[in-house]
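Top line first, the protein sequences correspond to chains A and B. Just so you know, the numbering used here puts 2 at position 8 of the first sequence, and the rest follows in order with no gaps. Just so you know, the numbering used here puts 46 at position 52 of the second sequence, and the rest follows in order with no gaps. Cβ coordinates follow ideal geometry from the N, Cα and C atoms, glycine included.
There are 2 protein chains.
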Amino acid sequence: MSRTPLHPTREQIELPTVLDCLSDPTRLAIVFTLAGNDQAARELRCGDFNAFSGKSNLAYHFAKLREAGLIETRIVGTTRYQRLRRQDLDARFPGLLDAVIKSAARDAERLQFPRCELVAAD
Amino acid sequence: MSRTPLHPTREQIELPTVLDCLSDPTRLAIVFTLAGNDQAARELRCGDFNAFSGKSNLAYHFAKLREAGLIETRIVGTTRYQRLRRQDLDARFPGLLDAVIKSAARDAERLQFPRCELVAAD
DNA sequence: TGCAATGTTCAATATTTTTTGAACAAATTG
DNA sequence: CAATTTGTTCAAAAAATATTGAACATTGCA
């Protein structure tokens, strides 16, 4: 599935772009899930998010998150593992991600995030 | 100019809506300016933002900010004063606004906010 | 090798947002 | 009262985003 995609460097991450990513409910749910505020892992595969939306729509949102610098994609065989670029984000925008994640957690009820359904691992 | 417009209550303020407001460069500039990170006042009139965009476009953005719960509009005669609803935002999303404002301040160079041109007061 | 699984990419839609300008409204001032 | 100032509202146009499904690519497996 092609080569490992392009990620912006830490310095290239832009505030408005990051906020835009987080303002979309689907992407916020993805980021929240990757942040592991549930009991979830730190690294998840695309397929784990199938409850969130259709495959191709997810690919679109993952691309946006990746290009914005929010997540890093690691390719292993035929699956892609995503993880939050927490260190980079914290360095670039101190306190921002924490505030967003905590607020999202407090509002979990009203935000109604889909439940991440772990795909059986190999 | 009609009656004082509707503002959501503190509890009605939604995280994705707030993030969406902040992700737009014009609105982020407005919020940043109202936050007074320059030497600016806490309450500003629409006209003070004329450098940011056209009048009707500003009215659009102010409405978005107001309906999202980011600003409060106070009508005095023919002018409208806007102020950040900092207390409500801090209560609802602790640390969020601070993180955004601070990050914006650090990135001031690259964000290139327009300079708020104070309109002569009465 | 051929089939299944995982995701991407592309093109077409659909939807939402932003921007503009003209017309309007309310208050203030001469 | 007429003119000016401040800013809104409306409708139209422009632009950006999101969503879908079909086709494709890569890897893993029987």
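Exposure label - residue i; buried when at least 16 CB within 10 Å
| i | result |
| --- | --- |
| A/Q81 | exposed |
| A/I69 | exposed |
| A/A57 | exposed |
| B/A93 | buried |
| B/D116 | Caution applies to B/D116, whose pLDDT of 47 falls short of 50 and renders its modelled position unreliable; the value that the coordinates give is listed next. Looking at its Cβ environment, which holds fewer than 16 other Cβ atoms inside 10 Å, B/D116 is exposed. |
| A/A62 | buried |
| A/R79 | buried |
| B/A45 | exposed |
| B/L9 | buried |
| B/A29 | buried |
| A/L112 | exposed |
Nearest residue (CA-CA) to residue i, options the options
| i | options | result |
| --- | --- | --- |
| A/E5 | B/R109, B/L112, B/C15, B/R100 | B/R100 |
| B/R60 | B/F46, B/Y75, B/D42 | B/Y75 |
| B/C40 | B/P19, B/D92, B/R77, B/L64 | B/R77 |
| B/D18 | B/R86, B/H55, B/P88, B/C110 | B/H55 |
| B/E37 | B/T27, B/L22, B/P108 | B/T27 |
| A/Q106 | A/C15, A/D92, A/I24 | A/I24 |
| A/S97 | B/P2, B/T3, B/L13 | B/L13 |
| B/A53 | B/T20, B/L16, B/L91, B/L112 | B/T20 |
| A/T73 | A/A62, A/P2, A/F43 | A/F43 |
| B/A85 | B/G71, B/A102, B/L64 | B/L64 |
| B/R(-3) | B/A29, B/A45, B/K49, B/T67 | B/T67 |
| A/Q7 | A/G89, A/L83, A/L90 | With the sequence shown as reference, residue 7 of chain A is identified as Ile, and Gln is not the correct amino acid for it. Nearest C-alpha to A/I7: A/L83. |
Below-8 Å beta-carbon distance, residue i vs any chain A residue
| i | result |
| --- | --- |
| B/P10 | yes |
| B/F87 | yes |
| B/L16 | yes |
| B/L13 | yes |
| B/L90 | yes |
| B/R4 | no |
Beta carbon proximity, residue i to chain B, threshold 8 Å
| i | result |
| --- | --- |
| A/S47 | no |
| A/L0 | no |
| A/L59 | no |
| A/L112 | no |
| A/L105 | yes |
**Message:** Counting only Cβ-Cβ distances shorter than 9 Å, please list the residues of the segment 20 to 45 of chain A near chain B, keeping chain order.
**Reply:** L22
**Prompt:** Closer than 9 Å, Cβ to any Cβ of chain A: which residues of the segment 92 to 103 of chain B, in chain order?
**Reply:** D92, A93, V94, K96, S97, A98, R100, D101
**Item:** Positions along the segment 61 to 83 of chain B whose CB lies within less than 9 Å of some CB in chain A
**Value:** none
**Item:** beta strand (DSSP E) runs wholly inside the segment 43 to 102 of chain B, at least 3 long, in chain order
**Value:** 65 to 70, 73 to 78
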